[in-house]
Amino acid sequence: MAPNDIYYERSYKKGGLIVQVSHCGPNYCCTVGVGLNVANAKPTICINDMLPMHSNRQLTVEEVLAWTMNEFEYFVNVFEKKGRAEFLKLYYRFWMHSHEEVQILHSENGGRREKVVIRGLDEYGYLEVRSKETGQIMNVMDDGNTFDLFHGLIVPK
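The opening residue of the sequence shown carries number 22 in my numbering; numbering runs sequentially from there.
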C-alpha cells in the first residue's frame, strides 16, 4: 500500500514501511519491511523525543519492536476475520491523506499539473484519486510515480 511514510503530527517523519504481496496458492504471502526511528534524534525526530518530558523514560528498540508486532498481529487478525472493509475503516482512522487535495504532474502534455482529491486505496492497494477538473476516478500506481504527499505532489519517476 502507498504512501508508506510514518509521520508524527504531519511534520515529523519517524519511519516508513514497505509491503510486497504475492500469491502463494490460495493464500497471499506478505513480506513487510518497517523502519522506525526509536532513539536517533538527528536528522529529524525519534520516538523517544516524542515521549512526555516528565516521563523520565526512554523506550528500547526491543520494546518498540514487541509493541509493533502485537499491533501488527491485531490488524492482521482484523483483516483475516472481518475482511478488507473493516480493516480499512481502522486504517483510515490513522491515515493523514483522506480527502487531501494534491497535484499530479503528468509526464505527457508538457508536464501538466492536475489537481486531484485523495479518495483512499483501491482494491489492489494503490492510491485512488478523483480529478477536480473532470471528476474522473484514477488509480495511481507506485511503480511509476514518486509520492511526495507531504508536499502535495505526485510525480512520474
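Beta carbons are placed, not taken as given, at the ideal position from N, Cα and C, and that holds for glycine.
Predicted model only: the values in this text are computed from it and were never measured.
| query | result |
| --- | --- |
| Spell out a yes or no on whether the region 124–135 and the region 83–95 are touching, meaning 3 or more CB-CB pairs, one atom from each, closer than 8 angstroms. | no |
| Terminal residues of the continuous alpha helix (DSSP H) containing Tyr147? | Premise fails: Tyr147 is in no alpha helix (DSSP H) and is neither H nor E. |
| Nearest to Leu126 by alpha carbon, out of His172, Pro73, Ile66, Met90? | His172 |
| Which of the three DSSP states is assigned to Met22 in this structure? | Unreliable placement is indicated for Met22, whose pLDDT of 41 sits below 50; the coordinate value is still reported in the next sentence. Coil, per DSSP. |
| Out of curiosity, what's the CA-to-CA distance linking Val55 and Arg114? | 20 angstroms |
| Among the candidates Thr81, Val97, Ile68, whose CA atom is the shortest distance from the CA of Cys50? | Val97 |
| Can the beta-carbon of Arg31 be found closer than 8 angstroms to that of Met117? | yes |
| Taking just the CA atoms, how far does Glu94 sit from Lys102? | 12 angstroms |
| Kindly indicate which residue of Asn69, Glu154, Asp163 has the alpha-carbon position closest to the one of Tyr147. | Asp163 |
| Alpha carbon to alpha carbon, what distance is there between Glu122 and Val161? | 14 angstroms |
| In terms of residue numbering, what span does the beta strand (DSSP E) encompassing Leu57 cover? | 48–57 |
| Using CA coordinates, which residue listed in Gln41, Asn48, Gln124, Tyr29 is at the minimum distance from Glu154? | Gln124 |
| Any Cβ of chain B within less than 8 angstroms of the Cβ of Gly141? | In the structure shown, chain B cannot be found, because there is only a single protein chain. |
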